[in-house]
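S.K.:
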Amino acid sequence: MPARILWVSSGPWIGTGYGVQSRYIVKALKEMGFDIMMFTYHLGGGPINYDGYIVLPTPAGVATWATQPIVSWYKKTNRNLVITLIDVWVLPNLGNEVNWVPYTPVDAPLDDYTLEINQPLQTAKAVIAFSKFGKQQVEKVVKDKRVYMIYHGIDTKLFTPLSDENEKKKLRQMLGLPPDDFIFGFVGVNESDRKDIPGLLKAFSLFLANNKDAKATLIVWSGTKPAPGKSYDLVRLARRYGIENKVMFPTDPDYNMVYTYDFMPNIYHVMDWYVTASSGEGFGIPIAEAMACGVPVIAPNNSSQSELVMDEPHTPRGILVNPAWVRPTLWTPTHQEYSFVDPHELAEAMEKAYNINDDRYSKNARAFVEDVLSWDKIIPQWINTIHDIENELKL
Numbered sequence: 066m067p068a069r070i071l072w073v074s075s076g077p078w079i080g081t082g083y084g085v086q087s088r089y090i091v092k093a094l095k096e097m098g099f100d101i102m103m104f105t106y107h108l109g110g111g112p113i114n115y116d117g118y119i120v121l122p123t124p125a126g127v128a129t130w131a132t133q134p135i136v137s138w139y140k141k142t143n144r145n146l147v148i149t150l151i152d153v154w155v156l157p158n159l160g161n162e163v164n165w166v167p168y169t170p171v172d173a174p175l176d177d178y179t180l181e182i183n184q185p186l187q188t189a190k191a192v193i194a195f196s197k198f199g200k201q202q203v204e205k206v207v208k209d210k211r212v213y214m215i216y217h218g219i220d221t222k223l224f225t226p227l228s229d230e231n232e233k234k235k236l237r238q239m240l241g242l243p244p245d246d247f248i249f250g251f252v253g254v255n256e257s258d259r260k261d262i263p264g265l266l267k268a269f270s271l272f273l274a275n276n277k278d279a280k281a282t283l284i285v286w287s288g289t290k291p292a293p294g295k296s297y298d299l300v301r302l303a304r305r306y307g308i309e310n311k312v313m314f315p316t317d318p319d320y321n322m323v324y325t326y327d328f329m330p331n332i333y334h335v336m337d338w339y340v341t342a343s344s345g346e347g348f349g350i351p352i353a354e355a356m357a358c359g360v361p362v363i364a365p366n367n368s369s370q371s372e373l374v375m376d377e378p379h380t381p382r383g384i385l386v387n388p389a390w391v392r393p394t395l396w397t398p399t400h401q402e403y404s405f406v407d408p409h410e411l412a413e414a415m416e417k418a419y420n421i422n423d424d425r426y427s428k429n430a431r432a433f434v435e436d437v438l439s440w441d442k443i444i445p446q447w448i449n450t451i452h453d454i455e456n457e458l459k460l
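Note that my numbering has the sequence shown beginning at 66, numbered continuously upward.
1) Please classify T450: does DSSP put it in a helix, a strand, or coil?
2) Below 8 Å between beta carbons: does that hold for D479 and K222?
3) Can you tell me where the alpha helix (DSSP H) holding W138 begins and where it ends?
4) Just the C-alpha distance for T179 and Q401, rounded to the nearest angstrom, thanks.
5) Which residues mark the beginning and the end of the alpha helix (DSSP H) in which F348 is found?
6) Go to R69, then tell me how far its beta strand (DSSP E) extends in each direction, as first and last residue.
7) Applying the 10 Å Cβ sphere with the 16-neighbour rule, what's the burial state of G345?
8) Note down the Cα distance separating V207 from V362, rounded to an integer number of angstroms.
9) Just tell me which of L438, A412, P226, K190 has its CA closest to the CA of D209.
10) Restricting to Cα atoms, I'd like to know which of S270, A128, N367 is closest to E416.
11) Per DSSP, which one or two residues make a beta bridge with D100?
12) Just the Cα atoms here: how many angstroms apart are A194 and D278?
13) Let me check understanding here. Comparing Cα to Cα, which of G288, E230, P226 lies closest to V252?
14) Which residues does DSSP pair with L146 in a beta bridge?
15) Is L94 helix, strand or coil by DSSP?
16) Might you give, ordered along the chain, the residues of its own chain that have their beta carbon closer than 7 Å to the beta carbon of R211, omitting 5 neighbours on each side?
17) Among I332, S368, Y106, which residue has its Cα nearest to the Cα of G241?
18) How about W440 and Y89: are their beta carbons less than 8 Å apart?
19) In this structure, how does DSSP classify E162 when only helix, strand and coil are distinguished?
20) Going by DSSP, what residues sit across from L283 in a beta bridge?
21) Could you give the DSSP three-state label for N231: helix, strand or coil?
22) So for F224, helix, strand or coil by DSSP?
23) To the nearest angstrom, how far is the alpha carbon of S196 from that of E435?
24) Return the CA-CA distance between L175 and S404, expressed in angstroms with no decimal places.
25) Should the region 80–96 be regarded as contacting the region 132–144, the criterion being three or more beta carbon pairs within less than 8 Å?
Next comes the structure, spelled out in structure tokens:
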């Protein structure tokens, strides 16, 4: 019997990574003839038809991440397979009432200490990781289940290199950026310390201090409002490091511009290099989107970032910076250990990128996304994986 899938994740109309991945995957599977519905915690009221498939709502009064509506909709809609695109540790144990396969990120090493992850996974029928790193880590703590790996997909028609260098200057002027500066860029949430945006700002200040004649600007696409214990006051930190005139925050409320997901390629188009100080990524969608736009990447040599960037001698598409130290991070439920880069090391990588005059990085970055991460490569993997799960579970 074919799989009757209940896909659980962020709403497909939401511009977050999970929302965008759900938008493409669910629609593609529906078009390929799969019996698939979606449940999201981001919808109230009644079921809706979204882009050709049914999206089921969260009943009134039900807490976000509660498992009750998943089990309820699973039974009411006669499903026989649940796939969740949610960080697995936010979900209470789904139990044995459903055939559950989590499509989940792993952004740091797992071990027996990570019980909050390990225990929920015990009721999963199989696991799908976002990266080779994630697959290896899940296999360390889940030894009795099949573990698959499917990268996130990138729309290579939307995220594509600019063909005209003059367009880059026009976009920079529109965003208030110096048209002839070397532009480093970052895209990510200002939440907790995993992204280490303060470390990125510190590294950029060190780069400028060590290269006083450099014509360089950093664009940071992130929220700037501080929330004690949750996010940083990025504008104030830029002032602390003396780079407030060299850093742009286009998403700052005072900037007075509104953007959509379809506008995002333009943010990457203004960049010469993408740079991140992140201590761990389940996948790293902005890295892949930047590369799709022909923008090479500086990233820490950790988690999935290593396999996305991989500065191999013959196919360089970025620069990896070895982490300097590792420590538990308290905001995760499992106190996982994350590896952070030294801002001085990151500044040296920025200096190297600033002085590189080699378009192989850009070409190789784009080629990797086209060959590995484009949707025409990812969707067949989903089809094969679901069929394999059907056979494993005898659905």
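The C-beta atom is built at its ideal place from N, Cα and C for all residues, glycine as well.
M.R.: The answer reads as follows:
1) helix
2) As displayed, the chain neither begins before 66 nor continues past 460, which places residue 479 out of reach and without an answer.
3) 133–141
4) 7 Å
5) Careful: F348 lies outside any alpha helix (DSSP H) and carries neither H nor E.
6) 69–73
7) buried
8) 32 Å
9) K190
10) S270
11) R69
12) 44 Å
13) G288
14) I70
15) helix
16) A191, E457
17) I332
18) yes
19) coil
20) F249, V312
21) helix
22) coil
23) 17 Å
24) 13 Å
25) no
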